[in-house]
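Residue numbers (the working numbering): 276 to 607. Quick reminder that beta carbons are idealized off the backbone N, C-alpha and C, glycines included. This report refers to the structure that appears directly beneath it.
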């Protein structure tokens, strides 16, 4: 079968009509990481009424224990479907072993460092190849954390991201037992015996989460831990990021609280950045929680339009900058 990309093997595994939307699902096999069995499923949404009229590309990244259905339900409801109907070129990625992305050989050791160093750059390259533009990125929870890791580690640059919006994402909230080395050592010794944490069993979501992500988070929050891996300090690298940033926190979120989300926001060096707290004291109808901030009827009317406005403003700014650069380039 002929590849849909000149970058690496890509197969179009389905092309369907879903009500007023079109749904194309691609399977990427970038082969850029030590585990060559990695496959990444990316769903592209468009409008049936205007299949060739696609706006700026937007890549959506789900959080832990989740998949593409967080953004796009079988009934065609979700931020992804909303943005597609608003004319955006929507791409929904599913991380290794989640949703339509098959479990790779080293599934148990999958971690944010792998997503940030290998998978996000491959997704960015494919979307840029297909659209001719740097995509905008939207991440929820671990999806936003992964974006921060890629930006802080410079595996995702301004050439790959026109703007970034992160929802309910933080890396500084920790629990005191993780600061006690013997307790963390014992916990790691026990957890290493398991391949994953079951989302359905513990009522965290529809997907399992590989143990590598859990152990990685424990290392970040250990006594001498930091947001990074052995090679890079992502936390310090965020100060050099210039990509426009929107960070959104939910006042009623006890998992990733507002204060911790703000700390991550403050670490970004981007001159163009905005912080939004979703709560009654900030003009919203309720104190949103970790999921309701993007998946609820209130979010449909109060949050989704703000996301579209952010994307439209920065799409226009990027277009203006591109035009000015072309005008400034000497013609031969």
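- Under the three-state reduction of DSSP, residue 347 is assigned to coil, being neither helix nor strand.
- For the 8 Å CB-CB criterion, residue 302 and residue 285 form a contact.
- For the pair residue 453 and residue 459, the CB atoms are nearer than the 8 Å cut-off.
- Residue burial annotation: residue 515 is exposed, with fewer than 16 other C-beta atoms found within 10 angstroms of its C-beta.
- In the three-state scheme derived from DSSP, where H, G and I count as helix and E and B as strand, residue 498 is classed as coil.
- Here residue 411 is near residue 333, since their CB atoms are less than 8 Å apart.
- Rounded to the nearest angstrom, the gap between the Cα atoms of residue 556 and residue 489 is 34 Å.
- In this structure, the straight-line span from the alpha carbon of residue 477 to that of residue 328 is close to 43 Å.
- Sequence-distant partners of residue 563 (beyond 5 residues in either direction) whose C-beta falls short of 8 Å from its own C-beta, in its chain, are 525, 526, 527, 528, 553, 554, 571, 573, 574, 578.
- Rounded to the nearest whole angstrom, the C-alpha separation of residue 559 and residue 353 is 19 Å.
- If you draw a straight line from the Cα of residue 358 to the Cα of residue 365, it comes to about 7 Å.
- Inter-residue distance for residue 347 and residue 340 is about 16 Å (C-alpha atoms, whole angstroms).
- DSSP places residue 587 within a helical segment (H, G or I) once states are collapsed to three.
- Taking C-beta atoms as the reference points, residue 483 and residue 492 fail to come closer than 8 Å.
- The C-alpha of residue 384 lies about 16 Å from the C-alpha of residue 376.
- Excluding sequence positions up to five before and after residue 513, its CB lies within less than 6 Å of the CB of 427, 542, 543, all in the same chain and listed in chain order.
- Between residue 297 and residue 331, the CB-CB gap reaches or exceeds 8 Å.
- Judged by their CB atoms, residue 518 and residue 398 are not nearer to each other than the 8 Å cut-off.
- Sequence-distant partners of residue 496 (beyond 5 residues in either direction) whose C-beta falls short of 6 Å from its own C-beta, in its chain, are 449, 453.
- Here residue 440 is not near residue 320, since their CB atoms are 8 Å or more apart.
- Contact check for residue 401 against residue 282 passes: the beta carbons are separated by less than 8 Å.
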